[in-house]
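Numbering (our numbering), first residue to last: 14 to 256. Using N, Cα and C, we set each Cβ at its ideal position, and we do this for glycine too. The block underneath contains the structure these notes are about, expressed in structure tokens.
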């Protein structure tokens, strides 16, 4: 694994009025890493991903990508710099086919010209095993394929850092196994991954590092085994007893 720091977020604070959701979070990701984020509901996980992707501004702190300050860079600009994300609830463009959805992401998210966007879209669709539904309208897809479409659109922007927000949520065990296989294929392309997931046994099949958050703070950071046996994590996240 490369040792270069790809993303470095320091002292991240996010307030919504009087409510502080992130309280001085430090979060560093090295190039080539696969990092999982776990924690109870309300821990601030999705808010952290939104801050990293630029979906909204932060109240304090700094975010750097490859050593360059992107704290005040828009989400659209961050996408073209190499940060892409999927959302917990799939948000396809209804009325458009799968291919049209992915092509739109490549052109307008990734900023590629039509031919390169076309080629990248085909590659992402094949990589995510969506070739058989490429000409179907997005609103006709089942949940697994809608989740795959979220992933495919993100990949079409050519990300260096891929942020996944509970992409396994709502899937059956069999569907989760299929999704794991797809994400493990992505890992072979050296895409750096940060993945929020409540289904821990799914997460630990992919990531080599685990971060646990609680009440807007990072309470543990290390190997999956070390984090899941940490007393603070067991108390906050696992209900007082580890499986």
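query                                                                                                          : result
Cα-Cα separation, residue 173 to residue 17                                                                    : 13 Å
In DSSP terms, what residue 36 is bridged to                                                                   : 26
Cβ-based neighbour list, residue 200, same chain, cut-off 8 Å, excluding 5 preceding and 5 following           : 47, 206 and 219
For residue 41: DSSP bridge partner residues                                                                   : 21
Completely contained alpha helix (DSSP H) runs for the region 103 to 160, where each covers 4 or more residues : 111 to 117 and 127 to 140
Residue 262 - DSSP class collapsed to helix/strand/coil                                                        : The displayed coordinates of the chain run from 14 to 256. Any statement about residue 262 would go beyond what the structure contains.
Separation of residue 62 from residue 88, as counted between CA atoms                                          : 11 Å
Three-way DSSP call (helix, strand, coil) for residue 194 in this model                                        : helix
Alpha-carbon spacing of residue 105 relative to residue 72, whole angstroms                                    : 30 Å
Residue 75 - DSSP class collapsed to helix/strand/coil                                                         : strand
Beta carbon of residue 65 nearer than 8 Å to that of residue 32                                                : no
Rounded C-alpha distance that separates residue 68 from residue 155                                            : 27 Å
CB contact flag (residue 217, residue 181, <8 Å)                                                               : no
Residue 1 - containing alpha helix (DSSP H), residue span                                                      : For residue 1 there is no data in the structure shown, the boundaries of the chain being 14 and 256.
Whole-angstrom distance between residue 51 and residue 213, CA atom to CA atom                                 : 8 Å
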